[in-house]
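Protein sequence lines, in the order shown, are assigned to chains W and C.
Okay, so the first sequence: first residue is 150 according to this note's numbering, each after it adds one.
Okay, so the second sequence: first residue is 150 according to this note's numbering, each after it adds one.
Ideal Cβ placement from N, Cα and C applies to all residues, glycine included.
Computed from a predicted model, the values in this text were never measured in an experiment.
See structure below.
Protein chains: 2
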Amino acid sequence: MSKKLSKTKLKCKGFIAAGVSSGIKKGAKKDLALILSEVPCTVAGVFTRNKVRAAPVVNDIKRLKRSKVRGIIVNSGNANACTGASGVADDWAVSIAAEKALDLDKGGMLTASTGVIGVPLPVDKITLALPRLQTALTKDGFADAAEAIMTTDAFPKANSVKGKVGALDVTLLGLAKGAGMIRPDMATMLAFIVTDVNIGRAELKGALRSAVDASFNSICVDNDTSTNDTVLVLANGMAGGMEVTSGGTAIKAFTRLLTELCVKLARMIVEDGEGATKFVEVRVKGALSDKEARKAAKAISESMLVKTAFFGEDPNWGRILAAIGMAGIHLDQEKVDIILNGICVARNGIDTGKEKDAAWAMQEREIVAEVNLKCGKGSAVFWTTDLGHDYVKINSEYRT
Amino acid sequence: MSKKLSKTKLKCKGFIAAGVSSGIKKGAKKDLALILSEVPCTVAGVFTRNKVRAAPVVNDIKRLKRSKVRGIIVNSGNANACTGASGVADDWAVSIAAEKALDLDKGGMLTASTGVIGVPLPVDKITLALPRLQTALTKDGFADAAEAIMTTDAFPKANSVKGKVGALDVTLLGLAKGAGMIRPDMATMLAFIVTDVNIGRAELKGALRSAVDASFNSICVDNDTSTNDTVLVLANGMAGGMEVTSGGTAIKAFTRLLTELCVKLARMIVEDGEGATKFVEVRVKGALSDKEARKAAKAISESMLVKTAFFGEDPNWGRILAAIGMAGIHLDQEKVDIILNGICVARNGIDTGKEKDAAWAMQEREIVAEVNLKCGKGSAVFWTTDLGHDYVKINSEYRT
Chain W
150 MSKKLSKTKL
160 KCKGFIAAGV
170 SSGIKKGAKK
180 DLALILSEVP
190 CTVAGVFTRN
200 KVRAAPVVND
210 IKRLKRSKVR
220 GIIVNSGNAN
230 ACTGASGVAD
240 DWAVSIAAEK
250 ALDLDKGGML
260 TASTGVIGVP
270 LPVDKITLAL
280 PRLQTALTKD
290 GFADAAEAIM
300 TTDAFPKANS
310 VKGKVGALDV
320 TLLGLAKGAG
330 MIRPDMATML
340 AFIVTDVNIG
350 RAELKGALRS
360 AVDASFNSIC
370 VDNDTSTNDT
380 VLVLANGMAG
390 GMEVTSGGTA
400 IKAFTRLLTE
410 LCVKLARMIV
420 EDGEGATKFV
430 EVRVKGALSD
440 KEARKAAKAI
450 SESMLVKTAF
460 FGEDPNWGRI
470 LAAIGMAGIH
480 LDQEKVDIIL
490 NGICVARNGI
500 DTGKEKDAAW
510 AMQEREIVAE
520 VNLKCGKGSA
530 VFWTTDLGHD
540 YVKINSEYRT
Chain C
150 MSKKLSKTKL
160 KCKGFIAAGV
170 SSGIKKGAKK
180 DLALILSEVP
190 CTVAGVFTRN
200 KVRAAPVVND
210 IKRLKRSKVR
220 GIIVNSGNAN
230 ACTGASGVAD
240 DWAVSIAAEK
250 ALDLDKGGML
260 TASTGVIGVP
270 LPVDKITLAL
280 PRLQTALTKD
290 GFADAAEAIM
300 TTDAFPKANS
310 VKGKVGALDV
320 TLLGLAKGAG
330 MIRPDMATML
340 AFIVTDVNIG
350 RAELKGALRS
360 AVDASFNSIC
370 VDNDTSTNDT
380 VLVLANGMAG
390 GMEVTSGGTA
400 IKAFTRLLTE
410 LCVKLARMIV
420 EDGEGATKFV
430 EVRVKGALSD
440 KEARKAAKAI
450 SESMLVKTAF
460 FGEDPNWGRI
470 LAAIGMAGIH
480 LDQEKVDIIL
490 NGICVARNGI
500 DTGKEKDAAW
510 AMQEREIVAE
520 VNLKCGKGSA
530 VFWTTDLGHD
540 YVKINSEYRT
């Protein structure tokens, strides 16, 4: 899979960006990105839950305690993780150098890193590239920036949404990196979102939490959580108008737009699974609670047995049921309905005899797997891939 | 990997066994096994924790409430899981038919099934094969039985240990099926152990729990728990002597022998990973408790990032540290030592610069990964494989 980004679509009022090669990656590949706002931005972030946190994560958490920031500098090729106290100092060195070069206040620049772990960050390469990075800054630079944050990604990931927040037109633009389940590597997931909405700090944080849960936290990327996982959103207020406050329709509208963008970016990450042949949407309803539905959807999405069956276009619903059985939720096996691309393969936990129809329906590239637990009103949606490599071929053909 | 079993080694006083083809599997492959004791046996079992349980598991839990049993009948090719009430009835039909054919008391025969899910058990094929199965019963039949319980296994798994329990010589003989992590399929793990020790019911159950925790529950087979996972141990007392009771040295000796056998069988399951090039022992010490050590060892053993690095013979200790960071245990990142095949690659959470030595040491087929958390006295051992397929090649070479 390969996708070209549209430079003209990727614009947001008052933001400029660039992506250049600093020599961290071999072969003059872009590995250094910068996103900058003309004016100070309200900022919110969500970081890895791993207890082992990379230096830029440790430092960004401190930087976010400031009220406003101006931008983000990101390198790929080196994660600056498991690098101890000198790694933390290296990360400060990068942000301070960038602040000086761009004439920003101290603490105005956030950082992010992705790549190999346990290797000292080549600070000199980054600082030497700063003048070129600065020269390259442009309103059209987001496609280059998206390319510069890639590691094992097969294609750069960026998107934008436009909509109304109150009476005002706003834009949200996002970049992401990360590759689907089937490519276990550094597995870092990074996403950077900029918007011209005028919004308070607490409101932005709340909207981001909600959007991330429904998007980046609802995909099966990998069973690992990286030391570097980071989602940042910067709002510069240049769309004008009154500040969006909590409780009104404006915050709902903004949260909806932010969620829409995050889902688009998260889906691009799922789609970037080398060898994946299917894009799978798992919908669970009828659980005791949304939380229980989420556990079931996650268990299905992560099950190697289920993913192997999707690859084999095998409507092996017993594997889906077994995955739910492991999820630690309330389950009445004799109530469960399972529907694959519209074909009900199990009703009340028993085979319906429609496996042939379902196998035919599963030949589509996109599979929607619906589960109704009939215990309550909880629901959830997850996105995952099949497990589509030659090595699982034998297993997926086991039944035929 | 392929292994031949020694028929002469696989014997236990008072037990006979057989394995034949009943036609459930294609191509006249053995798919029906029987283990029988001359006299009634004390029995203990450990079953899947999946809430979705196959019919033989549901029924065996009932059968185990009887005080004594005579044997186990096992079919491969059909799991009799997700088959509803008729599946439960089918399973009873098999055990009752076997009890009649062998002239046993009602409830004297345990069952187990492994294979595809959601398909009705072909009871007729099994009952038609019973006379041949009975004719084939012999003291040397355990190798055939081991073959008959295979599904995706690359080789049959059986072993025996001999030792002293008190003054008496006892034998423990075990069969197992299940294939390592890298082959996601039905993923059922079955193990059947017979012994001539004379032991009480509660003591046998306690010994089995302890042995299973240190063996089958300490391997990374798969992230799934099958609907059919079962470990059964039958003790017929024919070694003679007084009944082994709790609290003494005899029960300790027996538990040690049972654990030794279970570890041997569990290691065979780990070794049976198609494409796996490494057998990895993960040793964690210095945790706050054994339970926390176990969580860390499990997280390391299951991490796709760690397993990919093992395949690439890449001493990427940052991935090991990151896996521990996800384990939800007390962790002081700046205390952690990591040793790979004797080479200390990280001391106090910092690289020691010995990656080249470690890469060389990791060329061995067996890798011992030791982690010292230096927080307490808890320790644990886990066994896992690398993730050794072409599809991960790109990622494991990412650093080179």
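#1: How big is the Cα-Cα spacing for Gly-564/W and Arg-350/C?
#2: Work out the CA separation of Ala-518/C and Leu-270/W for me, nearest whole Å.
#3: List the DSSP bridge partners of Val-429/W.
#4: Assuming contact is defined by CB atoms lying nearer than 8 Å, are Phe-365/C and Val-346/C in contact in what I supplied?
#5: Using the DSSP secondary-structure output, state which residues sit across from Leu-407/C in a beta bridge.
#6: Counting beta carbon pairs with one atom in the region 414-434 of chain W and one in the region 526-535 of chain W, are three or more of them shorter than 8 Å?
#7: Excluding five sequence neighbours on each side, which residues of the same chain lie with their C-beta closer than 7 Å to the C-beta of His-479/C?
#8: Jot down the residue ranges of each uninterrupted beta strand (DSSP E) in the region 227-304 of chain C, minimum 3 residues, whole runs only, in chain order.
#9: For the region 460-475 of chain C, enumerate the residues whose C-beta is nearer than 8 Å to any C-beta of chain W, in chain order.
#10: Helix, strand or coil: which one does DSSP assign to Ala-446/W?
#11: Give every residue of the same chain whose Cβ lies closer than 7 Å to the Cβ of Leu-159/C, excluding the five residues on either side of it in the sequence, and list them in chain order.
#12: Check for me: the beta strand (DSSP E) holding Phe-341/W runs from which residue to which?
#13: Looking at the C-beta of Asp-240/C, does it have a partner C-beta in chain W at a distance below 8 Å?
#14: By how many angstroms is the C-alpha of Thr-344/C removed from the C-alpha of Asp-180/C?
#15: For Asp-535/C, would you say it is in contact with chain W, using Cβ-to-Cβ distances shorter than 8 Å as the test?
#16: Can you check whether the C-beta of Lys-274/W is within less than 8 Å of a C-beta belonging to chain C?
#17: What does Gly-556/W touch in chain C if you count any residue whose Cβ is under 7 Å from its own?
#18: Please classify Ile-122/W: is it buried, with 16 or more other beta-carbons within 10 angstroms of its beta-carbon, or exposed?
#19: Can you say whether Arg-281/C is buried or exposed, counting buried as having 16 or more other CB atoms within 10 angstroms of its CB?
#20: Can the beta-carbon of Ala-182/C be found less than 8 Å from the beta-carbon of Ile-298/C?
#21: Can you give me the start and stop residues for the alpha helix (DSSP H) that Lys-211/C sits inside?
#22: As a quick exercise: from Ala-476/W, Met-511/W and Leu-213/W, pick the residue whose alpha carbon is nearest that of Cys-493/W.
#23: So, does the CB of Leu-480/W fall closer than 8 Å to a CB anywhere in chain C?
#24: Could you list which residues in chain C have their beta carbon closer than 7 Å to that of Ile-499/W, in chain order?
#25: Within 8 Å (strictly less), CB to CB, does Pro-333/C reach chain W?
#26: Using the Cβ count rule (16 or more neighbours within 10 Å means buried), how would you classify Leu-259/W?
#27: Which residues, in order along the region 201-225 of chain C, keep a beta-carbon less than 7 Å from a beta-carbon of chain W?
#28: With C-beta atoms as the reference, is Ala-261/C less than 8 Å away from Leu-339/C?
#29: At 8 Å on the CB atoms, spell out the chain W contacts of Asn-199/C, in chain order.
#30: Hey, could you find the ends of the alpha helix (DSSP H) Gly-467/C is sitting in?
#31: So, using beta-carbon positions, are Ala-356/W and Phe-403/W closer together than 8 Å?
#32: Arg-219/W and Leu-253/W: beta carbons closer than 8 Å?
#33: Could you tell me whether the Cβ of Ala-230/W comes closer than 8 Å to any Cβ of chain C?
#34: By alpha-carbon positions, which one of Val-206/W, Phe-164/W, Thr-197/W and Gly-172/W ends up nearest to Val-188/W?
#35: Are the C-beta of Ile-149/C and some C-beta of chain W separated by less than 8 Å?
#36: Kindly indicate the opening and closing residues of the beta strand (DSSP E) around Arg-496/W.
According to the structure data:
#1: Look at the range of chain W in this structure, 150 to 549, and you will see that residue 564/W is not part of it.
#2: 26 Å
#3: Ile-516/W and Thr-533/W
#4: no
#5: Per DSSP, none; premise fails for Leu-407/C.
#6: yes
#7: Leu-437, Glu-441 and Cys-524
#8: 258-265
#9: Asn-465, Trp-466, Gly-467, Arg-468, Leu-470, Ala-471, Ala-472, Ile-473, Gly-474 and Met-475
#10: helix
#11: Phe-291, Ala-292, Ala-307, Ser-309 and Leu-322
#12: 339-344
#13: no
#14: 24 Å
#15: no
#16: no
#17: The first residue shown for chain W is 150 and the last is 549, placing residue 556/W beyond what the model contains.
#18: Residue 122/W is absent from the model: chain W starts at 150 and stops at 549.
#19: exposed
#20: yes
#21: 204-212
#22: Met-511/W
#23: yes
#24: Gly-233
#25: Since pLDDT at Pro-333/C reaches only 49, below the 50 mark, its modelled position is unreliable, and no value is offered.
#26: buried
#27: Val-201
#28: yes
#29: Ala-471, Gly-474 and Met-475
#30: 466-474
#31: yes
#32: yes
#33: yes
#34: Phe-164/W
#35: Outside the shown range of chain C, which is 150 to 549, sits residue 149/C, and nothing can be said about it.
#36: 492-496
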